[in-house]
Amino acid sequence: ETYGADHVTYVRNITDVDDKINARALRDYPDLPLNEAIRKVTDKTEKQYLADVAALGCLEPNVQPRATENITQMTDIIQALIDKGNAYIAEGGEGREVLFSVPSMDDYGQLSKRKQEDQQAGARIAVEAHKKNPSDFVLWKESAADEPGWQGAFTVGGESVAIHGRPGWHIECSAMSKRYLGETFDIHGGGLDLIFPHHENEIAQSRCAHGTDVMANVWMHNGFLQVEGKKMSKSEGKWPQGLEPEGEVHASILEALADDLNTVAAIQALHALANADSPEFAASANLLGLLPKKAEISEVLADSIDSIIQLRLEMIKAKNWAEADKVRDDLAAKGVLLKDGKDPETGERVTTWEVKR
């Protein structure tokens with residue numbers, strides 16, 4: 186047996202090295218060592234994240250390393266890349282940088298299926314003229330005298346080079362995965378948006394530094410929650426109503442959704458709450474996407490009729506006639522009459538409604 190909790194090492198890293206975080210740590214806690222200052226800055230966000238993944242039922246990792254605790258591991262990999270001719274030091278516009286040489290890796294781009302000659306499109310040649318190739322990426326970047334950073338000691342051609350700076354984003358993950366999972370491991374996960382450049386660059390760093398054929402045997406990428414056909418993100422300025430509802434969601438709704446997203450049972454539970462005039466109805470309906478505007482049952486249903494009708498149509502498609510009839514009867518009891526018919530062009534079932542006079 187080679188699976189199960191006793192046979193799997195699960196590593197979930199905390200990427201707490203970031204220019205914005207570093208700057209805030211220096212500003213808010215100038216008298217503390219950098220790592221301690223960063224910990225204070227990121228503590229609140231980390232607690233929120235851990236609470237969220239616990240609420241989602243995610244398994245706890247065996248190890249949860251921080252980037253700030255693996256700086257030496259990063260500089261070690263960078264040194265190996267310099268020694269093997271895969272990295273070089275250049276004078277950038279904001280100081281010295283250690284850069285990964287993408288052309289030094291013959292099969293760069295296998296994960297994202299991108300050819301090296303395609304990587305130059307959109308490169309900021311004028312800003313990044315210090316690069317030997319526009320697609321070369323940062324491994325280590327020098328910090329200004331008033332910027333936070335760590336001491337990076339590198340050897341190039343037998344000469345020692347000290348660069349007070351901070352690591353690039355990609356090298357952090359290569360260092361932590363190598364430390365806790367080895368030079369190669371079985372499964373690497375992440376979002377689809379990380380395939381390029383992040384995961385592609387992780388592979389390049391790790392394989393070239395360690396001389397391995399693969400970094401991970403399997404790459405698994407998840408999609409995104411969609412809002413009106415677009416990826417949900419904070420930058421969109423809107424989150425779907427129903428994810429941070431006011432009031433308490435009734436346990437019966439959560440139990441139904443936890444049962445393999447049993448939406449039929451959830452609707453049943455919601456109707457029970459409506460009939461009982463439950464104070465938990467509004468938040469429960471909001472969680473299901475019914476978007477109530479007021480807590481009064483009649484007005485909530487009036488605002489949500491179209492959404493309820495759509496759910497009823499899904500019940501009919503699933504041949505759940507009893508529940509579909511119950512939805513119709515419940516609405517009728519509240520003065521809303523449903524009329525079923527067919528779309529004259531498509532032949533699909535359509536439902537309209539009117540208020541009973």
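The sequence shown begins at 186 in our numbering and counts up one residue at a time.
Don't be surprised by glycine CBs; every beta carbon is placed ideally from N, CA and C.
Item                                                                                                                                                         : Value
Let me know the beta strand (DSSP E) ranges lying completely inside the region 287-351, each 3 residues or longer, listed in chain order.                    : 322-327, 335-341
Would you check if the distance between the CB atom of Met259 and the CB atom of Ser362 is smaller than 9 Å?                                                 : no
Do Glu508 and Leu522 have their CB atoms nearer than 9 Å?                                                                                                    : no
I need the DSSP call for Asn255, collapsed to helix, strand or coil.                                                                                         : coil
My assumption, with CB atoms under 8 Å, is that Ser469 sits in contact with Ile438. Please give the rounded CB distance.                                     : 5 Å
CB Glu327 to CB Glu279, shorter than 9 Å?                                                                                                                    : yes
Residue range of the alpha helix (DSSP H) that Leu442 falls in?                                                                                              : 436-443
If you draw a straight line from the alpha carbon of Met500 to that of Ile380, how long is it in whole angstroms?                                            : 38 Å
Is the beta carbon of Ala210 closer than 9 Å to that of Ile223?                                                                                              : yes
Quick check: the Cα distance between Asp514 and Lys504, rounded to an integer number of angstroms?                                                           : 17 Å
Using the Cα positions of Trp404 and His373, report the straight-line distance between them to the nearest angstrom.                                         : 5 Å
On the CB-based measure, 16 or more other CB atoms within 10 Å of its CB, does Leu345 come out buried or exposed?                                            : Here residue 345 turns out to be Ser, not Leu, going by the sequence shown. The residue in question, Ser345, is exposed, as its Cβ has fewer than 16 Cβ neighbours within 10 Å.
How is the alpha helix (DSSP H) around Ala450 delimited, first residue to last?                                                                              : 448-460
When you compare only the Cα positions, how much space is there between Asp371 and Asn247?                                                                   : 15 Å
Going by C-alpha distance, which of Gly343, Ala443, Leu324 is nearest Gly277?                                                                                : Leu324
Just the C-alpha distance for Asp216 and Arg281, rounded to the nearest angstrom, thanks.                                                                    : 27 Å
Can you give, in chain order, each stretch of the beta strand (DSSP E) that sits fully within the region 490-526 and has at least 3 residues?                : none
When burial is assigned at 16 or more other CB atoms within 10 Å of the CB, is Arg497 buried or exposed?                                                     : buried
State the Cα-Cα distance for the pair Pro425 and Phe409, rounded to the nearest angstrom.                                                                    : Any answer about Pro425 is weak, because its pLDDT of 44 lies below 50 and its placement is not dependable; what the coordinates show is given next. Approximately 13 Å, taken between the alpha carbons.
Tell me which residues share the same chain as Lys225 and place their Cβ nearer than 6 Å to its Cβ, disregarding the 5 neighbours each side in the sequence. : Tyr214
Under 8 Å by Cβ, that's how I've got Ala338 and Ala330 pegged, so tell me the actual separation to the nearest angstrom.                                     : In fact, because the Cβ distance is near 18 Å, the residues do not count as touching under 8 Å.
Mind reading off the beta-carbon distance from Leu475 to Ile493? Whole number of angstroms is fine, and I expect it under 8 Å.                               : 7 Å
At which residues does the beta strand (DSSP E) containing Glu282 begin and terminate?                                                                       : 280-285
Taking the CB atoms as reference points, tell me whether Ala265 and Val283 lie closer together than 9 Å.                                                     : no
For Asp201, name the three-state secondary structure that DSSP assigns.                                                                                      : coil
At which residues does the beta strand (DSSP E) containing Ile372 begin and terminate?                                                                       : 370-376
Secondary structure at Val238, three-state DSSP: helix, strand or coil?                                                                                      : helix
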